[in-house]
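Numbering (this note's numbering), first residue to last: 53 to 1135. For each residue, glycine too, the CB sits at the ideal point set by N, CA and C. A quick note: this is a predicted structure, and the numbers were derived from the prediction, not measured. Here is the structure we will look at, set down as C-alpha cells.
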C-alpha cells in the first residue's frame, strides 16, 4: 500500500467508522473500491497531508449524507435531508422562491488541476455548485440556457467526468456516487429547459412538465422513459406511458416464451424482447377485444391473455401485480372504445379489406394481403366515385406496373415470401416484428403490398380507422381558402415528381393539393414545408388519398419530429448526430474532411426527403420501405453506407462542390434491378453525360451493406445522441440570432463590439429571468424563434427598468425608476409595450457616447409626450428647492466688471435661435411649463453625488432661471398687453430668493403658489413654452454643465457590475412585490 493510499485509509477510517458499523464485509469492500477508483488518483495534486485529510474527510462525509438522503427518498419517508439541502440552496444562492430545486449531489468541481469538494444543486433553470474548502468559498451559477455542450469525458486524473461547456468556459464535475443517474437528470433538465425557453415553436411539453415549478426528479425520469417508449415504438407524442413490466410473451414461431418487457400506455400495449431485434409487438387497444387473467400455474405463472379482432391471442406470463395491471388495462380499453367506436367496413369485398384491419385467421392462406389490384370491379369503382375526393392508388401507378408481363419472377417470389410470413407472424398491425421481417423489408417490399405495409409499420392504419370522415371534413374546410401556405403549396405542386405520369395531369395534382392543404389546415404549427410535396407525391403512388394523408401525419408528427417547421430543428439535430456517427464509423473520412458540416449540409436533403429527391424513384422507395419499418435509424445507416462507398473519391475531392458532385453522381446511379416498372430519374439528375461513366450500384446491395456494417445503433443510443446534439443546434441558432442582431447594430452605434455582446447577453438574460420566475404577461411573450432576428428577444417596461438601473449612466436616485419609465415610452414607438435590443442600445449609445446636443435632445424628448404623460406618476411631485426662482434678477458678467440687463441678452439669443431653426432635422414640440419643471427635476437629480455637485447646482439654478424668463418673454410676446400685465403682476408679487419654497416647483398643477392664484393667469399659462434650442443654448453658457455632459463615461465598469448584480436586483424586486402579500396574510 502506497503512502497516499495509507493516508486515505487513515482518514476514511476516522470518518467512516460510524457509517460502517453493522455493514457487511462485502459492502465495505465495495465502498473501498469506489474510493480507490475515484479518490486515490486525485490525491497527488495536494501538497501536504492536512490538505489530503481535509479533502478525503469532506468527500466521505458528503457521500454518507447523499446516500442517507437517497435512501430516505427511496423509502418515501419524510425528506428531512432534502429540506436541509433546500434551505442551504436558498441561503447560498438567494434565488426567488420560484426557483425549484430538483435534486442535489456530492461531487468535485475541478479548478485547473485541483478538485474542489462541494455540493451540486440542480434546479429547474440553473446548475449551481457550492464549495467551502481550505477556507475558500466557491459559488458557480450556470443557467441551463447558457449550456452549449453537456458530455461525459475524462481528464488526466479521472476516467469519468461530466463536462459542462458554456460560451467561455468548460467546467468538469466528478466523483459522483452514481454518475449515470446524475448525467441523465442533467440531460433531461437541459433538454426540457432549452426546448421550453428556446424552441417553443415546435416543442409540446408533457402535461406533467407544463408548470416548471411543479417538476420533480421523478417527473424527469418518467419523461426520459416516455421519450424512449414513444421513439422505440414510434407512437404519437400524446401517448403517455403508464407502466413497464418484466414478463415473457408466447411466440408461436419459436414455440417458446420470449423474455422481455411489457409497456402499457393510454392506447397501446407493447412488448419488446430483451434480446435486441428478437421480437417486438404493438397492440393498439382499439384492436383489442378482451384482456383476461388465466389460471396461475407453475408452468404459466401470473398469465394474462390479450385477444385481438383478427382472432389472435397473445399470452403474457410472469407479470407482477397482475390484478392491478389488468384492472388498469380494462379501464383504458373501455375508454378507447367509448372514444373511438369500432367501424367495420362491410361494403367492400371481404378479401380486399379483412386482411388489413381484421383478418379472420393467421393460418388462413386464402386471403391475399392488400389485394390492391382487385378494386377494378364495377362496384368498387362506383363506390370510390361516391367517396370522392378519395382516390385509389391505381390512378397514379405507371401504366405498365400492373401488367403480368412486366412483373419479374423475383417480384412474384417476394410476394410469395411475404404471404408465407403473414401466415406465420400475422398480417395486421399486431404482427410479430422480428429480424426476419427486417430482412424481407431490406429486399424491397413488393409493389402490390407496399402501401398497406407502410400503413401497418407506421401505425397510420390505427389513426385511419379511429377517425372516419376526418380527412373528408378537413378537405371541405380547407379547400378554396387562400393564404400564404396555400400559395406555397400551389407553387410547388408542379415541382413534385414532374417526370412521373401521375403528376402530369390534373387528377394527380388535385389529389396532392388536397392532401397538403388538409394537412396544413390540421397542423398550422407546421403548415407546409418544402419537401413535404415530394414525400406526399410518393405516398399517393402507393396509397389511397386518405391513407396518404395519415401516412403524412405519421411521418411529420412522430417519425420525423420537428423536421417540418420554420427552422427544421429536427433535421439539423439529426445532421449533427450524423456528423458524430461519421467520426465514429468512418474515422479516415472524418480525418480527411476536417469540416464535416459541408457533408452535413449536402446530406440534409437525404433526411428531409428520405432520399426521394436524390435517387431514382424506383430505388428510393426501397429506402422508404426501411424507413417505415426502422425509422430514422434506416436513414442514418444508409447515409453511412453511401459515404463509405464513395469515401475514396471524397478523400480525393478538392473542395465541397467536387464532393457534392461525387455524391450526386453516385446516388443518381443507384438502380433497382427488381423494379417492375420503367426507371424514373431523380430530381437532381442535372449533370452532363460527357463525364466518365459511373458504376451502377444496386439499391438492395446498398441497403444490405448498411444493415450489416452500420445497423448496430439502437434507438436508445440515437435518442441520447439527439438529446445531446439538440443542445448544440439550439445554441447554434441562438448564436446566429445574436450575430445577426449585432451585425445590424454595430455600424449604427459607437459602443465597442465586445461591449455590445455583453449588453446583448444582459438583455437576453433579463428576458429569460422573467421566463424563469414570472407568469407570462400579455405584453411580454415568450421567445419566438419564428420572428425576425431583431424581434426574437424583446423586453417590457419592468424588464427595461431593471436594465436601465444596471447600465444607464443617468442614475437619478429615487428618480431613476421614473426616468426609466419615460425612456421606455419614448422607445416604444409602435406602442406594443415591448422594445427590441436595437432601440435599447441606440438609447444607451447616446447616453454614453453622444455629443452634448444629442444628450440634451434625448433628455428633452424624455420630458415631452409621448415619454411624459398626463398621468405620469412623478409629474405631480414638486421639487422643493430654494435654488430656482423666477423673481431672481438675472445678469451676465462682463470682463470689465460691468453688467448688462438680461432682457437684451434674451432678445439676442432668441434671434440667433430663430436663424438656426431651419437647420434642425425636425422641429420638436415646444416644452410647456409643467414639462419644463420635470426636465429641471431630472437634471437636478442627475447631479446628486457628483464631485462637482455644488457648481452644477448653482449652474442649473442660473440656467433654469434664465429659461423661465425666456418662457415669460415668449409668453408676453404672444399674449399681448393682458399677458404683459400678468407678467408685471408676477414680478410685483413674487417672494424674495430667500423664501423657503420656490414658486416654480411649489404648485402641483400649474407651477404657481397656492397663495398666488393669479401669478400665472390660466389664459396666459398655456402659452408659456421653451424650445430645445432655448434649452441647449442656455446650458452652453455654463461650463460646468458642458463638462458634465461631455465627460467620457466608462461602460465597462457598469457592465461588470451588472453581470454581478442582475440576479440579485431581480430577486430583491420580487421580494418587494411579495411583501404586501405577506403582510396581508399575517394575523
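Cα-Cα separation, residue i to residue j
{"i": "residue 412", "j": "residue 246", "result": "With a pLDDT of 28 at residue 412, under the threshold of 50, the modelled position of that residue is not reliable, and the figure given next carries that caveat. Approximately 50 Å between the Cα atoms of the pair."}
{"i": "residue 471", "j": "residue 823", "result": "57 Å"}
{"i": "residue 477", "j": "residue 283", "result": "23 Å"}
{"i": "residue 545", "j": "residue 677", "result": "24 Å"}
{"i": "residue 234", "j": "residue 688", "result": "29 Å"}
{"i": "residue 593", "j": "residue 554", "result": "8 Å"}
{"i": "residue 340", "j": "residue 385", "result": "8 Å"}
{"i": "residue 143", "j": "residue 160", "result": "21 Å"}
{"i": "residue 575", "j": "residue 630", "result": "28 Å"}
{"i": "residue 992", "j": "residue 1006", "result": "10 Å"}
{"i": "residue 465", "j": "residue 493", "result": "14 Å"}
{"i": "residue 138", "j": "residue 267", "result": "15 Å"}
{"i": "residue 584", "j": "residue 616", "result": "8 Å"}
{"i": "residue 396", "j": "residue 360", "result": "At residue 396, the pLDDT of 43 sits below 50, so the modelled position is not reliable and the matter cannot be decided from this model."}
{"i": "residue 865", "j": "residue 990", "result": "10 Å"}
Endpoints, the beta strand (DSSP E) within which residue i is located
{"i": "residue 194", "result": "188 to 195"}
{"i": "residue 156", "result": "153 to 163"}
{"i": "residue 314", "result": "308 to 317"}
{"i": "residue 473", "result": "From DSSP, residue 473 is part of no beta strand (DSSP E) but of the alpha helix (DSSP H) over 461 to 477."}
{"i": "residue 706", "result": "Per DSSP, residue 706 belongs to no beta strand (DSSP E) and is neither H nor E."}
{"i": "residue 321", "result": "320 to 325"}
Selected residue, minimal CA-CA separation from residue i, among the options
{"i": "residue 312", "options": "537, 796 and 324", "result": "324"}
{"i": "residue 242", "options": "802, 777 and 565", "result": "777"}
{"i": "residue 338", "options": "473, 692, 515 and 380", "result": "515"}
{"i": "residue 1012", "options": "714, 998, 1078 and 1022", "result": "1078"}
{"i": "residue 507", "options": "575, 551, 597 and 756", "result": "597"}
{"i": "residue 486", "options": "502, 304 and 748", "result": "304"}
{"i": "residue 723", "options": "674, 682, 701 and 768", "result": "674"}
{"i": "residue 748", "options": "797, 655 and 697", "result": "697"}
{"i": "residue 1185", "options": "595, 670, 707 and 606", "result": "Limits of the chain in this structure are 53 at one end and 1135 at the other, which puts residue 1185 out of reach."}
{"i": "residue 177", "options": "162, 167 and 147", "result": "147"}
{"i": "residue 523", "options": "537, 567, 543 and 489", "result": "567"}
{"i": "residue 849", "options": "318, 872, 838 and 841", "result": "872"}
DSSP state of residue i mapped onto helix, strand, coil
{"i": "residue 1136", "result": "What the structure shows of the chain is the stretch from 53 to 1135, and residue 1136 is not part of that stretch, so it cannot be assessed."}
{"i": "residue 1123", "result": "helix"}
{"i": "residue 221", "result": "coil"}
{"i": "residue 620", "result": "coil"}
{"i": "residue 628", "result": "helix"}
{"i": "residue 451", "result": "Because residue 451 sits at a pLDDT of 42, beneath the cut-off of 50, its placement in the model cannot be relied upon, and the following sentence gives the value as read from the coordinates. Correct three-state label for residue 451: coil."}
{"i": "residue 203", "result": "strand"}
{"i": "residue 227", "result": "coil"}
{"i": "residue 805", "result": "helix"}
{"i": "residue 360", "result": "strand"}
{"i": "residue 367", "result": "strand"}
{"i": "residue 1096", "result": "helix"}
{"i": "residue 1023", "result": "helix"}
{"i": "residue 299", "result": "strand"}
{"i": "residue 1115", "result": "helix"}
Limits of the alpha helix (DSSP H) - the one that residue i falls within
{"i": "residue 784", "result": "767 to 797"}
{"i": "residue 900", "result": "889 to 901"}
{"i": "residue 685", "result": "684 to 697"}
{"i": "residue 240", "result": "231 to 250"}
{"i": "residue 266", "result": "Taken as a continuous stretch (DSSP letters only), residue 266 belongs to no alpha helix (DSSP H), as it is neither H nor E."}
{"i": "residue 762", "result": "751 to 762"}
{"i": "residue 544", "result": "536 to 545"}
{"i": "residue 644", "result": "639 to 644"}
{"i": "residue 989", "result": "981 to 994"}
{"i": "residue 490", "result": "487 to 495"}
Test: residue i CB closer than 8 Å to a CB of chain B
{"i": "residue 703", "result": "Absent from the structure is chain B; it holds one protein chain and no more."}
Requested in this report: Check whether the region 755 to 767 touches the region 169 to 184, taking contact to mean three or more Cβ pairs, one atom from each stretch, closer than 8 Å.
Outcome: At 8 Å Cβ cutoff, the stretches do not touch.
Query - Inter-stretch contact at 8 Å, needing at least 3 Cβ pairs: the region 783 to 803 / the region 1084 to 1102 - result: no
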